[in-house]
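Asks: The following block contains the structure, expressed as structure tokens.
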Amino acid sequence: MLDRAFFARPALLVAPELIGAILRIDGVGGTIVETEAYDQADPASHSFPGPTPRNASMFGPPGCAYVYRSYGVHWCLNFVCNDEGHGGGVLIRALEPLYGLERMAERRGAASPRLLCSGPGRLGQALAVTKGLDGLPLDQPPFALQPRAAEPLIAVGPRIGISKAAERPWRFGLAGSLFLSRPFPRPICALEAREACPS
DNA sequence: GGTATGATTGACT
DNA sequence: GTCAATCATACCA
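Numbered according to the working numbering, the first sequence spans residues 1 to 199.
See the structure below:
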């Protein structure tokens, strides 16, 4: 189980380490394959302007959920990082579905496995994320979070859908995964890594 | 009070 | 490729 100490660090460090971890909410979930880091000193972050009612949980204890409504339509899930009061977070952008595929398909409407959790809004819908989960600790039900078993090959690129600080390479993904919300601009795959570092 | 803006998605040309 | 849905928040008056 990933404990509070794991999250009491900068989001930029936590975000890549979450790739490969398994997230479940009420037993429904899968492997985290895509994350983005946000920090209070980051113009793109909801916490940038300082604490407000909306982003209050970003300034609460690390290791809790921060849930916000996107475009008035979608619920998006973040993990709060940094020490308490420092407003960092990791947006969970995509999962590879493993558990509760049937419930996900019901919530999403009959959809192919690739469309169940590949994007923050889709993931929120598939896992029934709502404001009711905002601020809840991730090490207690309905959440279940287990660390990854092995060190995966991680792709890095700019974050999606933001206009400020858009150049920062703060998006992380499981290289080669079929369940990313979008491909990485310069995908890192095993073949490419071999070519870059011939033994 | 009014208005512009999204950490998105799905439908459509 | 374009665009509407839909609403909380931010910002200005």
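For every residue, glycine included, the Cβ atom is placed at its ideal position computed from N, Cα and C.
Quick one: what does DSSP say residue 96 is sitting in, helix, strand or coil?
Replies: As a position in the first sequence, residue 96 is number 96, starting the count at 1. Strand, per DSSP.
Asks: Shortest alpha-carbon distance to residue 162 belongs to which of 155, 142, 171?
Replies: Locating residue 162 in the first sequence gives position 162, where the first residue counts as 1. Per the Cα distances, 171.
Asks: Considering only their Cβ atoms, is the gap separating residue 84 from residue 51 smaller than 7 Å?
Replies: Numbered from 1 along the first sequence, position 51 holds the residue referred to as residue 51. Numbered from 1 along the first sequence, position 84 holds the residue referred to as residue 84. No; because the gap between Cβ atoms is not below 7 Å, this pair is not in contact.
Asks: In the structure shown, what three-state DSSP assignment does residue 59 receive?
Replies: If you number the first sequence from 1, residue 59 lands on position 59. Residue 59: helix per DSSP, three-state reduction.
Asks: Going by C-alpha to C-alpha distance, which of 183, 155, 182 sits closest to residue 20?
Replies: Position 20 of the first sequence, counting from 1, holds the residue named residue 20. Per the Cα distances, 155.
Asks: Taking only the alpha-carbon atoms, compute the straight-line gap between residue 48 and residue 93 and give it to the nearest angstrom.
Replies: Counted from its first residue, the first sequence places residue 48 at position 48. Counted from its first residue, the first sequence places residue 93 at position 93. Each residue's alpha carbon lies about 20 Å from the other.
Asks: Find the nearest neighbour of residue 174 within the set 6, 102, 33, 67, judged by alpha-carbon distance.
Replies: As a first step, residue 174 is located in the first sequence; it is residue number 174 there, counting from the start. With distances taken between Cα atoms, residue 174 lies closest to 33.
Asks: Report the rounded CA-to-CA distance for residue 70 versus residue 26, giving the unit in angstroms.
Replies: What you label residue 70 is simply residue 70 of the first sequence in a count that begins at 1. What you label residue 26 is simply residue 26 of the first sequence in a count that begins at 1. Their backbone Cα atoms lie some 23 Å apart in a straight line.
Asks: Distance, Cα to Cα, residue 132 vs residue 108?
Replies: As a working note, residue 132 is residue 132 in the first sequence. As a working note, residue 108 is residue 108 in the first sequence. Whole-angstrom Cα-Cα distance: 19 Å.
Asks: Under 7 Å Cβ to Cβ from residue 203, same chain only, skipping five residues before and after it: list those, please.
Replies: Within the shown structure, residues of the chain are numbered from 1 to 199, placing residue 203 beyond reach of any answer.
Asks: How about residue 118 and residue 179: do their beta carbons lie closer than 7 Å?
Replies: Working through the first sequence from its first residue, we reach residue 118 at position 118. Working through the first sequence from its first residue, we reach residue 179 at position 179. Result yes, Cβ atoms of residue 118 and residue 179 sit closer than 7 Å.
Asks: Can you give me the C-alpha to C-alpha distance between residue 116 and residue 138, rounded to a whole angstrom?
Replies: Locating residue 116 in the first sequence gives position 116, where the first residue counts as 1. Locating residue 138 in the first sequence gives position 138, where the first residue counts as 1. Roughly 22 Å between the two C-alpha positions.
Asks: Is residue 88 near residue 81, with beta carbons less than 7 Å apart?
Replies: Residue 88 sits at position 88 when you count from the first residue of the first sequence. Residue 81 sits at position 81 when you count from the first residue of the first sequence. Closer than 7 Å, so yes.
Asks: Please work out which residues of its chain come closer than 8 Å, Cβ to Cβ, to residue 149, disregarding the five sequence neighbours upstream and downstream, and give them in chain order.
Replies: Locating residue 149 in the first sequence gives position 149, where the first residue counts as 1. Result list for residue 149: 20, in chain order.
Asks: Do you know whose CA, among 14, 183, 177, 4, lies nearest residue 96's CA?
Replies: In the first sequence, the residue the question calls residue 96 occupies position 96. It is 177.
Asks: With a 10 Å radius around its C-beta and 16 neighbouring C-beta atoms as the bar for buried, classify residue 140 as buried or exposed.
Replies: Residue mapping note: residue 140 aligns to position 140 of the first sequence, counting from 1. Per the 10 Å Cβ criterion, exposed.
Asks: Can you tell me which of 30, 16, 22, 152 puts its alpha carbon nearest to the alpha carbon of residue 103?
Replies: Along the first sequence, one-based indexing puts residue 103 at 103. Taking only the C-alpha atoms, the option nearest residue 103 is 30.
Asks: By DSSP, does residue 48 sit in helix, in strand, or in coil?
Replies: Residue mapping note: residue 48 aligns to position 48 of the first sequence, counting from 1. Residue 48: coil per DSSP, three-state reduction.
Asks: Alpha carbons only, please: which of 181, 79, 142, 158 is nearest the one belonging to residue 5?
Replies: Within the first sequence, numbered from 1, the residue matching residue 5 stands at position 5. The shortest C-alpha separation from residue 5 is found at 79.
Asks: Just to confirm before moving on: does the CB-CB distance between residue 23 and residue 101 stay below 7 Å?
Replies: Residue mapping note: residue 23 aligns to position 23 of the first sequence, counting from 1. Residue mapping note: residue 101 aligns to position 101 of the first sequence, counting from 1. Cβ atoms of residue 23 and residue 101: not closer than 7 Å.
Asks: Tell me which residues share the same chain as residue 166 and place their Cβ nearer than 8 Å to its Cβ, disregarding the 5 neighbours each side in the sequence.
Replies: In the first sequence, residue 166 corresponds to position 166, counting from 1. Only 44, 158, 159 meet the Cβ criterion.
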